[in-house]
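Some notes on the structure that comes next.
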Amino acid sequence: MMRGYDYESDDSNSSGDGFIQQDPQQNRCPSVSDPTSSSEGYFHGGNYENGRQVGLVFNPKPHVVKIIKSHTGFGFNVKGQVSEGGQLRSINGELYAPLQHVSAVLPGGAAEKAGLRKGDRLLQVNGENVEGATHRQVVELIKNGGDQLTMIAISMQEYEVDRYEIGEESSVSSYRYDYSESRSLPVTIPSYHNINDSIERYVVYDLHMAGRHLGSRRYSEFVDLHSALKKEFIDFVFPKLPGKWPFHLSEQQLDSRRRGLEQYLERVCSVRVIADSDIMQEFLMECDPMSDVEIRVLLPDGAPLSVRTRRSVSTSLFFSMAQRRLQMTREASAACAIFELLDSGFERKVMDAESIHGLYTQNYSSASSSCLLIKKWLFDVERERSLCQKDLVFRQFCFIQATADLNSGRVKSHHKAYQLKAMQSENNVDNFLEMARRLEGYSEVSFPPAQQPGKPGEIVMVVGFESLVLKPHPNTEDLCIRLDWSLIADFRVCEEGNAFSFDYRREEEGKPPKTIKLLTNFAEYMAECFTQISFERQRRQRWMARSNGPAPVSAPRSSDNEDLRRPRPPSTRWIVIN
Numbered sequence: 244m245m246r247g248y249d250y251e252s253d254d255s256n257s258s259g260d261g262f263i264q265q266d267p268q269q270n271r272c273p274s275v276s277d278p279t280s281s282s283e284g285y286f287h288g289g290n291y292e293n294g295r296q297v298g299l300v301f302n303p304k305p306h307v308v309k310i311i312k313s314h315t316g317f318g319f320n321v322k323g324q325v326s327e328g329g330q331l332r333s334i335n336g337e338l339y340a341p342l343q344h345v346s347a348v349l350p351g352g353a354a355e356k357a358g359l360r361k362g363d364r365l366l367q368v369n370g371e372n373v374e375g376a377t378h379r380q381v382v383e384l385i386k387n388g389g390d391q392l393t394m395i396a397i398s399m400q401e402y403e404v405d406r407y408e409i410g411e412e413s414s415v416s417s418y419r420y421d422y423s424e425s426r427s428l429p430v431t432i433p434s435y436h437n438i439n440d441s442i443e444r445y446v447v448y449d450l451h452m453a454g455r456h457l458g459s460r461r462y463s464e465f466v467d468l469h470s471a472l473k474k475e476f477i478d479f480v481f482p483k484l485p486g487k488w489p490f491h492l493s494e495q496q497l498d499s500r501r502r503g504l505e506q507y508l509e510r511v512c513s514v515r516v517i518a519d520s521d522i523m524q525e526f527l528m529e530c531d532p533m534s535d536v537e538i539r540v541l542l543p544d545g546a547p548l549s550v551r552t553r554r555s556v557s558t559s560l561f562f563s564m565a566q567r568r569l570q571m572t573r574e575a576s577a578a579c580a581i582f583e584l585l586d587s588g589f590e591r592k593v594m595d596a597e598s599i600h601g602l603y604t605q606n607y608s609s610a611s612s613s614c615l616l617i618k619k620w621l622f623d624v625e626r627e628r629s630l631c632q633k634d635l636v637f638r639q640f641c642f643i644q645a646t647a648d649l650n651s652g653r654v655k656s657h658h659k660a661y662q663l664k665a666m667q668s669e670n671n672v673d674n675f676l677e678m679a680r681r682l683e684g685y686s687e688v689s690f691p692p693a694q695q696p697g698k699p700g701e702i703v704m705v706v707g708f709e710s711l712v713l714k715p716h717p718n719t720e721d722l723c724i725r726l727d728w729s730l731i732a733d734f735r736v737c738e739e740g741n742a743f744s745f746d747y748r749r750e751e752e753g754k755p756p757k758t759i760k761l762l763t764n765f766a767e768y769m770a771e772c773f774t775q776i777s778f779e780r781q782r783r784q785r786w787m788a789r790s791n792g793p794a795p796v797s798a799p800r801s802s803d804n805e806d807l808r809r810p811r812p813p814s815t816r817w818i819v820i821n
């Protein structure tokens with residue numbers, strides 16, 4: 244039922260507010276925004292210190308408050324009943340149905356500057372009568388009003404504010420979040436297990452993201468999560484958690500609780516603002532670092548290897564555990580490493596000190612069961628050939644990886660695809676590898692295009708055992724440069740890991756070394772490749788010195804005209820610097 248109010252307008256030249264109907268037979272009270280109004284017992288406005296309104300006293304009459312949203316929002320919380328209707332109550336001598344009230348006002352915020360006080364009762368919101376309305380109805384009216392909010396409010400005495408705060412069933416809203424945007428976060432709880440330590444025995448529930456084990460949480464931690472989310476998202480209706488049970492739970496009851504917790508996370512994480520919040524991300528991603536998790540890594544043939552270890556394990560320690568599981572020899576282990584498969588298809592070597600579990604869980608959107616791979620980490624083809632002769636497991640690694648690289652285009656077949664296909668069998672592994680080793684791209688890393696500061700276009704850097712190649716992207720008739728490693732004077736990661744640069748000596752006498760700088764996200768990996776190739780070349784030289792013989796001659800790279808040079812596109816001009 245609509246009611247006409249004797250209210251104070253903030254527009255002294257207008258006969259009524261555009262949102263609200265005024266009862267013309269009632270006398271008007273002093274205006275909220277009128278700085279000349281000083282009637283005793285009423286709200287006094289227009290008095291500011293450092294942007295804050297001070298010296299506020301209550302106004303017992305209904306009055307208009309207009310708030311324009313600032314960068315901090317409207318700057319107040321509202322609190323009130325969650326059900327509709329209710330018993331009439333007397334406020335300043337007038338009977339009203341239960342009203343939503345202001346439970347907090349942000350100091351210096353838009354609401355305080357507009358004259359809204361803590362404890363103010365709301366009669367109308369944007370022209371709609373809200374006597375007896377539910378909390379959610381008032382919230383929706385405020386949200387739907389856009390950046391401007393017009394309300395009729397009644398101020399309360401301080402002692403009455405506290406009395407109502409204690410006795411009223413309520414829910415609070417700060418209007419900071421939009422719950423309409425949904426998302427799909429593939430969080431599941433497929434299992435639980437018992438923990439026995441020296442102090443207590445308890446059950447933990449295993450959290451998985453897209454099939455990847457994030458960690459484990461106790462039921463009490465879910466209760467804490469629920470409480471923290473309700474405090475932060477105070478106007479969201481959360482689903483109920485599975486109930487507590489004071490006695491020992493049977494296996495059936497534990498599985499029922501597991502399903503209930505999983506459904507809770509599914510519903511809550513379907514709302515983007517909640518799923519992306521710090522509270523939820525910390526709960527999912529920051530479990531006890533000493534807890535055990537299961538991490539899967541893919542072998543060269545795509546088969547997964549699962550290793551159960553501590554959540555805080557480093558990459559180097561995790562790889563050592565995988566080596567033992569695969570029974571790899573020491574030499575084969577030194578020629579392999581853990582790589583991360585990125586969404587772009589590029590494979591980045593994982594640094595030894597990186598958190599392997601963090602990479603495993605953060606890249607949950609990849610199509611494969613894991614973003615982690617065990618691959619060959621060796622540039623020296625002669626060293627690879629020697630290891631393949633001694634280690635059949637490593638030879639199989641090389642064969643499978645070469646097949647995958649040919650199929651993906653990382654290794655260029657150059658019209659030899661038919662011959663390679665014919666030899667691609669277990670009986671012709673050695674012949675297949677010998678032909679593949681002659682092809683462009685074998686045992687090389689081709690980095691994604693990078694920019695040079697202040698220069699147009701992009702550059703692709705390709706590193707191999709024999710040389711370093713710089714070529715334009717996309718590959719045009721522009722000049723490509725091949726540098727022998729003996730000319731590389733120095734290299735470094737700079738700009739806080741966002742750039743990589745190296746110096747090379749020029750063959751012209753008297754000219755200083757030239758610096759090439761690339762802006763890239765893979766600066767650390769570039770430096771790792773430079774370091775690894777330098778180490779392998781030094782090892783080759785030591786082996787040559789011990790054998791007192793000539794340097795081993797690598798099999799020539801195959802090209803269209805079968806010369807000794809690496810295959811090059813016919814339209815490309817090259818400079819080879821020895």
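In our numbering, the protein residues as written are 244 to 821.
Glycine is no exception: its CB is placed at the ideal position from the N, C-alpha and C atoms.
With a cut-off of 8 Å on the beta carbons, I'd call residue i and residue j a contact; round off their distance for me.
i: I538; j: I581; result: About 10 Å separates the two Cβ atoms, so there is no contact after all.
i: D390; j: I311; result: 6 Å
i: L730; j: R748; result: 5 Å
i: V536; j: G458; result: 6 Å
i: L342; j: L366; result: 7 Å
i: W488; j: Q495; result: Their Cβ separation, rounded to whole angstroms, is 12 Å, which puts W488 and Q495 out of contact at 8 Å.
Could you check where the alpha helix (DSSP H) with residue i kicks off and where it finishes?
i: S459; result: Counting along the chain, S459 falls outside any alpha helix (DSSP H), though it belongs to the beta strand (DSSP E) covering 455-461.
i: D673; result: 672-679
i: K312; result: Run containing K312: none; DSSP gives neither H nor E here.
i: K356; result: 353-357
i: R573; result: 573-577
i: E525; result: 521-528
i: L602; result: 599-605
i: L663; result: 660-666
Under the three-state reduction of DSSP, which class applies to residue i: helix, strand or coil?
i: G486; result: coil
i: C512; result: helix
i: L726; result: strand
i: Y422; result: coil
i: F319; result: strand
i: A376; result: coil
i: K633; result: helix
i: M394; result: strand
i: A471; result: helix
i: H436; result: strand
i: A443; result: A small fix is needed here, since residue 443 is Glu in this sequence, not Ala. Coil, per DSSP.
i: Y685; result: coil
i: L342; result: coil
i: M399; result: coil
i: K655; result: coil
i: H306; result: strand
i: R360; result: coil
i: K754; result: coil
i: R500; result: helix
What does residue i pair with, by DSSP beta-bridge criteria?
i: P715; result: I702
i: Q694; result: E701, L762
i: F734; result: F745
i: E583; result: R591, L615
i: I334; result: E337
i: T431; result: H451
i: G348; result: For the sequence presented, residue 348 should be read as Val rather than Gly. F319.
i: E371; result: V368
Can you tell me whether residue i is buried or exposed? The criterion is at least 16 other CB atoms within 10 Å of its CB, across all chains shown.
i: T558; result: buried
i: R460; result: buried
i: L338; result: exposed
i: T763; result: buried
i: V466; result: exposed
i: S656; result: buried
i: P238; result: Because the chain in this structure spans residues 244 to 821, residue 238 falls outside the shown range and cannot be described.
i: Y603; result: buried
i: G410; result: Legend: pLDDT at G410 = 36, less than 50; position of this residue unreliable, no value from coordinates given.
i: Q784; result: exposed
i: A665; result: exposed
i: E709; result: buried
i: G697; result: exposed
By the DSSP assignment, the beta strand (DSSP E) with residue i in it spans what residues?
i: F479; result: Where F479 is concerned, there is no enclosing beta strand (DSSP E), given that its DSSP letter is neither H nor E.
i: A565; result: Note, A565: premise wrong, no beta strand (DSSP E); alpha helix (DSSP H) at 558-569.
i: L366; result: 364-368
i: L541; result: 535-541
i: L548; result: 547-553
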